[in-house]
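Report on one structure; see the data block that follows.
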Amino acid sequence: MDELGARAAALVARRPRDARLRRVGTSRGGTPLWLLSVGHGSRHALVVAGPHANEPVGGVTALRLAERALADPRLGERADATWNLLLCLDPDGARRNEGWLSGPYTLGRYFRHFFRPGFREQPEWLPDGADRAALPETRALLDLQDELRPFFQCSLHGVDIGGGFVELTRDLPGMAQRLAQTAARLGIPRELGPYDTLYWPALGPAVYRIPPPRRGDLAAAITEAAVESTWFHPHRYGTVTAVVEAPMWGVAAVEDGSPHPDAHMELRAVSRTLRRDTRLLEGILARIRPHLAAVSDAARMLAPVDDYLLVGPGLADSWDPDRYDGGQRPLPPLDNARLTALGISGRRVALRTAGLLHQLARAAGRAASGVLPELDGLIDEWCADYHDGYGARWIPVARQAEYQARVVLAAFELAGRGAPARSHSGDSDWSSGAAVPMHTE
């Protein structure tokens with residue numbers, strides 16, 4: 058986090074007439090939320106990095122985009138555009154992931170240091186609507202959207218295991234072709250059936266339309282993301298939002314669209330495994346919970362654990378052909394790509410829970426240390442399944458960021474066709490002066 062801010066400040070010091078850095082809010086933990094703006098055009102692009110605490114590559118991508126906007130007039134002056142790059146929306150959560158960020162990049166290290174807050178503490182979601190949004194990070198982003206009224210917004214996300222894909226609030230014709238070209242050039246697998254988009258309309262291979270928000274229970278919100286969000290908040294201004302997902306560990310089978318010989322058998326196996334894993338983890342949590350009174354932030358760590366243990370059985374039932382209820386939505390056609398994605402997702406729920414429980418047990422000290430060998434065994438076994446069973450392979454950070462940047466630039470170009478210009482004569486802090494250096498603020 059500190060390096061990200063320092064690099065942004067250095068860029069502003071190098072190009073003070075073209076780049077500005079300002080504080081647009083403060084996190085719950087007192088960390089500044091920094092916005093790096095490049096260019097002086099009347100049309101605004103807003104890029105949000107770090108919306109999920111365990112997805113760090115967006116910050117690298119944001120700086121890469123800033124450098125390209127400074128170097129290429131087609132992205133700034135000729136496009137009459139200003140790039141506004143929010144360097145990290147959840148800096149407090151990102152700091153909790155620093156245990157794996159320095160490497161080595163192994164699945165075991167990642168999950169043992171994994172953190173992502175509970176659903177209601179993730180700043181892009183508006184489960185109670187924008188007017189009642191309480192998180193300071195959320196309020197800062199909503200205020201920024203209302204100030205800038207961007208023609209294009211991009212949220213930079215990461216898929217821990219799988220492939221890349223894009224979610225859009227409205228169609229951008231040509232996006233699927235541009236995504237395919239970028240993925241092929243960089244050797245990034247496209248995810249042709251992400252479980253997030255299980256019931257969403259496809260706009261092309263690995264490109265999906267985000268459904269309008271609707272009210273629903275917490276489990277549906279976590280698994281489908283069809284709730285009020287900062288993705289849709291600026292829709293009133295004509296904004297198109299692109300959610301760009303870049304994989305950390307790639308799995309080739311997520312783009313295998315060939316038929317599966319027995320989809321129902323595979324679904325039964327995935328569902329059975331998820332139910333079994335959930336029961337195991339519920340038992341371990343019951344053994345740990347009595348020893349957490351002295352752990353200072355136990356409630357924040359337990360919130361995502363409770364979320365995952367809540368949705369696990371529901372997911373298993375919704376995928377199991379033997380539990381199908383005529384009143385529930387039927388699953389879409391299931392090929393190898395989609396079945397692979399479902400298998401990865403079920404395993405992810407269990408591994409994230411195990412990693413969080415591992416951290417809680419360590420924090421509780423000797424009283425809870427008895428569960429650590431069991432958790433270590435489960436984490437090692439399940440990570441080996443990803444590595445050996447699914448062929449998950451680490452994608453270097455530079456390649457992740459390059460993929461994400463190219464996809465953002467393609468979406469920016471497609472969204473910019475016909476987008477209206479807008480005057481900023483009344484906007485606050487709109488000047489070409491040098492920003493106040495971060496270390497002297």
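Sequential numbering from 58 applies to the sequence shown in this note's numbering.
Using N, Cα and C, we set each Cβ at its ideal position, and we do this for glycine too.
Apart from the five residues on each side of it in sequence, which residues of its chain come closer than 7 Å, Cβ to Cβ, to residue i?
i      : result
Pro108 : Leu146, Asp147, Pro180, Glu181, Ser212, His214
Gln385 : Ser375
Val464 : Val223, Leu236, Thr239, Val301
Gly490 : The predicted model places Gly490 with a pLDDT of 30, which falls under 50 and marks its position as unreliable, so this point remains unresolved.
Arg344 : Val428
Under DSSP, the beta strand (DSSP E) around residue i begins and ends at which residues?
i      : result
Met305 : 297-307
Ala259 : 259-261
Val223 : 222-225
Tyr265 : 264-266
According to DSSP, what are the bridge partners of residue i?
i      : result
Cys211 : Val104, Ala299
Glu312 : Looking at the DSSP assignment, Glu312 forms no beta bridge with any residue, so it has no partner.
Arg380 : BP columns for Arg380 are empty, so no partner.
Val95  : Ala76, Trp140
Arg247 : Gly221
Going by the CB atoms, is the gap between residue j and residue i shorter than 9 Å?
i      : j      : result
Tyr265 : Phe222 : yes
Thr298 : Val406 : no
Leu199 : Thr287 : yes
Arg34  : Gly82  : Residue 34 cannot be examined here, being either before or after the span of the chain that is shown, 58 to 498.
Ala138 : Gly87  : no
Pro73  : Arg80  : no
So for residue i, helix, strand or coil by DSSP?
i      : result
Ser84  : coil
Pro89  : strand
Asn393 : helix
Gly186 : coil
Phe289 : coil
Asp217 : strand
Arg450 : strand
Ser426 : helix
Arg329 : helix
Leu78  : strand
Ser402 : helix
Arg173 : coil
Asp445 : helix
Asp334 : helix
So, for residue i: in the same chain, excluding its five sequence neighbours on each side, which residues have a beta-carbon less than 8 Å away from its beta-carbon?
i      : result
Leu158 : Pro113
If you drop the 5 nearest sequence neighbours on each side, which residues of the same chain put their C-beta closer than 6 Å to that of residue i?
i      : result
His415 : Arg169, Leu432
Glu498 : For Glu498, the pLDDT reaches just 27, beneath the cut-off of 50, and the residue's location in the model is therefore unreliable, although a value from the coordinates is still provided. Here the set comprises nothing.
Pro246 : Gly220, Gly307, Ala309, Val311, Glu312
Arg380 : Asp374
Thr118 : Leu213, Ala458, Gln461, Ala462
Ser84  : Pro148, Asp149, Glu194
Ala418 : Ile345, Ala425, Val428, Leu429
Go to residue i, then tell me how far its alpha helix (DSSP H) extends in each direction, as first and last residue.
i      : result
Tyr365 : 355-376
Leu143 : Taken as a continuous stretch (DSSP letters only), Leu143 belongs to no alpha helix (DSSP H), being part of the beta strand (DSSP E) at 138-143.
Ala191 : Run containing Ala191: none; DSSP gives neither H nor E here.
Gln179 : Element bounds for Gln179: n/a, residue is neither H nor E.
Is residue i near the ligand GDP, judged by its Cβ being under 8 Å from some heavy atom?
i      : result
Arg177 : This structure simply doesn't include the ligand GDP, nor any ligand for that matter.
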